[in-house]
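So for the sequence shown, our numbering puts the first residue at 602; every next one is plus one.
All C-beta atoms in this analysis are idealised placements derived from N, C-alpha and C, irrespective of residue type, glycine included.
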Amino acid sequence: MKNKDYLKAYCEFFETINKDTQFEKYNYFFDENSIFQDPFQKVVGVEKIYEVFQDMYEVLYEAKFIVLSHSCDETQSFIHWIFEYKTKKDSDFNSFEGVSIVKFNDNARVSSHVDYWDAASNIYEKIPLLGFILRLIKKKISINE
Numbered sequence: 602m603k604n605k606d607y608l609k610a611y612c613e614f615f616e617t618i619n620k621d622t623q624f625e626k627y628n629y630f631f632d633e634n635s636i637f638q639d640p641f642q643k644v645v646g647v648e649k650i651y652e653v654f655q656d657m658y659e660v661l662y663e664a665k666f667i668v669l670s671h672s673c674d675e676t677q678s679f680i681h682w683i684f685e686y687k688t689k690k691d692s693d694f695n696s697f698e699g700v701s702i703v704k705f706n707d708n709a710r711v712s713s714h715v716d717y718w719d720a721a722s723n724i725y726e727k728i729p730l731l732g733f734i735l736r737l738i739k740k741k742i743s744i745n746e
């Protein structure tokens, strides 16, 4: 299997994981040396990666990733995605776009998965007082007042 095949299988996993996804499924894609990083944390190992996702699915409702596109070369892969979620069961969906850079090891496991997305406008600005302050700062430094 080549990076392209690994990436396709990984994207399918990424789009279908949810709160009921068993540890064994994560163990298929990650090992004890796999690194996962997003704007909030950096963890190492399949067990910690599983904990990050389980925690996310505990806190959010109907959370899911939608893969918009993906590509790869010999050394790394890119996934362009949208993350959808609800903060309460009866709330409206929120969503934001992001990109992941994923590298696979020789055993077809993820060696690193690094997410890039705008935590300030997608999360922090939605917190009442903090959001007000961040929007004010953004307005002050923007060239379009």
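Tell me the DSSP secondary structure of residue i in three-state form.
i, result
"Phe694", "coil"
"Asp716", "strand"
"Ile650", "helix"
"Ala664", "strand"
"Thr616", "Just to set this straight, residue 616 is Glu in the shown sequence, not Thr. DSSP places Glu616 in helix when its eight states are reduced to three."
"Ile742", "helix"
"Gln655", "helix"
"Asp641", "As written in the sequence, residue 641 is Phe, which differs from the Asp given in the question. Three-state result, Phe641: coil."
What's the C-alpha gap between residue i and residue j?
i, j, result
"Glu685", "Ser713", "23 Å"
"His681", "Lys741", "30 Å"
"Phe637", "Lys643", "6 Å"
"Phe560", "Glu698", "Residue numbering for the chain in the displayed model covers 602 to 746; residue 560 lies beyond these limits and cannot be assessed."
Would you mind working out which of the options sits nearest residue i, comparing C-alpha positions?
i, options, result
"Asp603", "Val715, Lys687, Lys626, Arg710", "Position check: residue 603 holds Lys in this sequence, whereas Asp was assumed. Minimum Cα distance to Lys603 is reached at Arg710."
"Met657", "Gly646, Ile618, Asp691", "Ile618"
"Asp621", "Ser672, Tyr662, Lys687, Lys605", "Tyr662"
"Leu608", "Asp693, Ile744, Val660, Ile702", "Ile702"
Since residue i is in the beta strand (DSSP E), which residue starts that stretch and which ends it?
i, result
"Phe624", "Not the beta strand (DSSP E): Phe624 falls in the alpha helix (DSSP H), residues 624-630."
"Ser635", "Here Ser635 belongs to no beta strand (DSSP E), and DSSP marks it neither H nor E."
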